[in-house]
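*Asks:*
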């Protein structure tokens, strides 16, 4: 089950938003939601890099009891963020996001 | 391997934190003469490698021991700034040990509050109804598992990828919290936890689990 997909540029602007099975409407406008999601990811990346017991680290995904958010960040800073059901494996999602980056043109 | 345990109260403040098995990632190197082909910077109270790479030592590593004596901050074992020791040809041969460096107490407080907010936002941006907050964060190096009680207290642990059975661990820590913290008549709710029995029993549980997983990985090989 794939719920939705966001693609952000390195500046934080949302380049693309795709929705498939979303059952809960956001409690805010589209633009506000993009800003909230990007801000949350920025904070998550910072949190992970500071709390990690290793020297450097990258955030990959998080899970709640109902959905899983995975992120793939390219070296240039483009972020592919996808919300899926819990049945998807991290590996399958990461392969899917990488092939999205390879095959889909992002302007 | 269990790296750390954190407990956050319902307002988002950190009330307990403990690190175990820290400094798994250390590197030691001895230099016979000046200069060292690394650029150092004394920043935020630690001496960090800013540029240069030797073996596993890369930018981001901080100096945690000089001549095998642990240091904290930027001062060396005999009260000379580490940067001065590195730049002085007379200190050589010099042995430096590199590692991550401890996360400061203030930084931990801030990270706990950050997590509290991120936990809430995850539930808000959910595409599905009635989602909880973050239960698990996965990164390249660790997994963070979180359990929130009905009263809003959050327990989270940072473990490595090989660690299984983190849910039982979280429930066990919750049990210890109710037994040794909440039942302590001198403990004020939502305040930092300073209960010796809680610390002792938590250490025992962590050691038990580490031994159990070491045993199971030994029998598998």
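Chains as they are written, first to last, in our numbering: chain A, 1 to 107; chain B, 1001 to 1221.
Beta carbons: idealized from backbone N, C-alpha and C, even for Gly.
Should residue 1128 of chain B and residue 23 of chain A be called a contact, given that it needs their Cβ atoms to be closer than 7 angstroms?
*Replies:* Contact flag set, yes.
*Asks:* Pull the bridge partners of residue 1046 of chain B from the DSSP assignment, please.
*Replies:* BP columns for residue 1046 of chain B point to B:1043.
*Asks:* Less than 7 angstroms separating the beta-carbons of residue 1002 of chain B and residue 1009 of chain B?
*Replies:* Cβ atoms of residue 1002 of chain B and residue 1009 of chain B: not closer than 7 angstroms.
*Asks:* Which first and last residues belong to the beta strand (DSSP E) in which residue 1094 of chain B is found?
*Replies:* Residues 1094 to 1099.
*Asks:* In chain order, what residues of the same chain lie with their CB nearer than 7 angstroms to the CB of residue 1039 of chain B, ignoring the 5 residues before and after it?
*Replies:* Once the five neighbours on either side are set aside, the close Cβ partners of residue 1039 of chain B are 1050, 1051, 1052.
*Asks:* Which full runs of the beta strand (DSSP E) of 3+ residues lie inside the segment 1139 to 1175 of chain B, going along the chain?
*Replies:* Counting only runs of 3 or more, we get 1143 to 1148, 1154 to 1159.
*Asks:* Entirely within the segment 20 to 91 of chain A and at least 3 residues each: give me those beta strand (DSSP E) ranges in chain order.
*Replies:* Runs of the beta strand (DSSP E) inside the segment 20 to 91 of chain A: 59 to 63, 68 to 73, 79 to 84.
*Asks:* For residue 1069 of chain B, list the residues DSSP reports as bridge partners.
*Replies:* In the DSSP output, where bridge partners are listed per residue, residue 1069 of chain B has B:1066.
*Asks:* Where do the N-terminal and C-terminal ends of the alpha helix (DSSP H) with residue 1082 of chain B fall, by residue?
*Replies:* Looking at the DSSP string, the run of the alpha helix (DSSP H) that includes residue 1082 of chain B is 1082 to 1087.
*Asks:* What does residue 80 of chain A reach in chain B if we use C-beta pairs closer than 7 angstroms?
*Replies:* Per Cβ cutoff of 7 angstroms: no residues; residue 80 of chain A is ~16 angstroms from chain B at best.
*Asks:* Kindly list the residues whose CB is nearer than 8 angstroms to the CB of residue 1143 of chain B, restricted to its own chain and excluding five residues on each side of it in sequence; keep chain order.
*Replies:* Taken in chain order, the residues that qualify are 1136, 1137, 1158, 1159, 1160, 1161, 1163, 1166.
*Asks:* Classify residue 1106 of chain B as buried or exposed, calling it buried when 16 or more other Cβ atoms lie within 10 Å of its own Cβ.
*Replies:* Flag for residue 1106 of chain B reads exposed.
*Asks:* With distances taken Cα to Cα, identify the nearest neighbour of residue 1174 of chain B among B:1093, B:1156, B:1102, B:1073.
*Replies:* Cα-wise, what sits closest to residue 1174 of chain B is B:1156.
*Asks:* How big is the Cα-Cα spacing for residue 1147 of chain B and residue 10 of chain A?
*Replies:* For residue 1147 of chain B and residue 10 of chain A, the distance between alpha carbons rounds to 33 angstroms.
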